[in-house]
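According to numbering that gives the first Met the number 0, the stretch in the sequence shown is residues 0 to 189, in order. Even for Gly, the Cβ is constructed at its ideal location relative to N, Cα and C. Note that the structure is predicted; figures quoted are calculated from it, not measured. Below: the structure, in structure tokens.
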Amino acid sequence: METQKSIPSLILFLLLLFTNSFALQIPKVHTREPCRRLVYYFHDIIYNGQNSKNATAAIVGAPAWANKTILAGQNHFGDLVVFDDPITLDNNLHSAPIGRAQGFYIYDKKDVFTAWLGFSFVFNSTDLKGSLNFAGADPLMNKTRDVSVIGGTGDFLMARGVATLMTDAFEGEVYFRLRVDVKLGMTNNI
Ligand SMILES: *[C@@H]1O[C@H](CO)[C@@H](O)[C@H](O)[C@H]1NC(C)=O
Ligand SMILES: *[C@@H]1O[C@H](CO)[C@@H](O)[C@H](O)[C@H]1NC(C)=O
Ligand SMILES: *[C@@H]1O[C@H](CO)[C@@H](O)[C@H](O)[C@H]1NC(C)=O
Ligand SMILES: *[C@@H]1O[C@H](CO)[C@@H](O)[C@H](O)[C@H]1NC(C)=O
0 METQKSIPSL ILFLLLLFTN SFALQIPKVH TREPCRRLVY YFHDIIYNGQ NSKNATAAIV
60 GAPAWANKTI LAGQNHFGDL VVFDDPITLD NNLHSAPIGR AQGFYIYDKK DVFTAWLGFS
120 FVFNSTDLKG SLNFAGADPL MNKTRDVSVI GGTGDFLMAR GVATLMTDAF EGEVYFRLRV
180 DVKLGMTNNI
């Protein structure tokens, strides 16, 4: 008689046990923290008709109504600029570069300053060898903009993540400096 009575409570106990263990299996909502975070600066000196010696960027394509000496009107719409910029660890243009930012940007909207960026960080320092590849829209009037880290080589093999860009300084249409906060999600090899 006693054992018969305890069966339902045993079932109840097991039920509770299982419900509990199921509850424990519900994945916790957690914010994704990057595995590795790196901050770099790069410096873009745009050719303006007079600075060919120092320029690190050149307009290589312009709309029919503009030219390749001066950035076009209407928020530079249609200009394609190629760059080979020094990367530094701080915001000083004259600091020893640890590599080059190489790629292009296209101004792609008439009514607001915005560009599309495709470039690589090619590292060449005793600490870092390899490259990181970036791509994405750059609505450059926004204080911060995110572009994708779409891959890497060498020390950055299989890299994936996001880079937050911030215009750290600009001087007219000749110089700008971007702060790049790289947040990588992969741990491979790094
Ligand atoms: C080029 O760079 C040198 C060294 O930073 C600087 O002294 C010179 O004024 C620059 N020239 C131009 C045209 O910007
Ligand atoms: C390029 O265009 C600007 C105005 O947008 C003009 O002042 C300049 O003379 C032009 N340069 C050449 C080489 O055509
Ligand atoms: C990398 O740095 C070394 C040493 O400074 C230099 O000799 C070499 O030319 C550089 N390579 C590239 C691709 O910049
Ligand atoms: C850029 O800023 C504008 C206005 O503040 C905002 O509406 C827009 O969503 C921002 N774009 C991005 C990509 O953050």
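For residue i, report the span of its alpha helix (DSSP H) as first-last.
i, result
"G72", "72-75"
Look up residue i in the DSSP assignment and give the residues it is bridged to.
i, result
"K182", "R36, V161"
"P200", "The displayed coordinates of the chain run from 0 to 189. Any statement about residue 200 would go beyond what the structure contains."
"T143", "M165"
"F175", "D43, F169"
"G150", "N132"
"D137", "A114"
"I105", "L79, W115"
Spatial neighbours of residue i within its chain, please: CB distance less than 6 Å, with the 5 preceding and 5 following residues excluded, ordered by chain position.
i, result
"R99", "D83, V121"
"M0", "For M0, the predicted structure reports a pLDDT of 46, less than 50, and the residue's modelled location is therefore unreliable. A value from the coordinates is still provided. Excluding residues within five positions, none has a Cβ falling inside 6 Å."
"E172", "L70"
"Y104", "V80, A114, L116"
"A168", "R176"
"L92", "H42"
"V59", "L79, V81"
"V181", "L37, A162"
"I189", "Confidence at I189 is low in this model, with a pLDDT of 49, below 50, so its placement is unreliable and the value that follows should be read with caution. Around I189: R35."
"Y106", "H75, F76, D78, A114"
"Y174", "I44"
Just to confirm my understanding: we take residue i, look at its own chain, exclude 5 residues before and 5 after, and list those with CB closer than 7 Å. What are they?
i, result
"Q73", "K109"
"T152", "G129, S130"
"V146", "L116, F133, A134, G135, D137, A162, L164"
"T166", "L139, F175, L177"
Does the distance between the C-beta of residue i and the nearest non-hydrogen atom of ligand 6 fall short of 6 Å?
i, result
"A158", "No copy of ligand 6 appears in this structure; the ligands present are ligand 1, ligand 2, ligand 3 and ligand 4."
Which residue comes first and which comes last in the beta strand (DSSP E) that contains residue i?
i, result
"S119", "114-123"
"A194", "The chain is shown only over 0 to 189; residue 194 falls outside these bounds and no answer can be derived."
Quick one: residues in its chain with C-beta nearer than 8 Å to the C-beta of residue i, no 5 flanking neighbours on either side, listed in chain order?
i, result
"E170", "none"
"P62", "A71, F76, G77, D78"
"A95", "T87"
inquiry  = Does the region 153-162 come into contact with the region 126-142, if we say contact requires no fewer than three beta-carbon pairs (one atom in each stretch) closer than 8 Å?
reply    = Under the three-pair Cβ rule at 8 Å, the region 153-162 counts as touching the region 126-142.
Lining residues of ligand 2 - beta-carbon closer than 5 Å to any non-hydrogen atom, in sequence order = Listed along the chain, these residues meet the criterion: N66, T68, I69.
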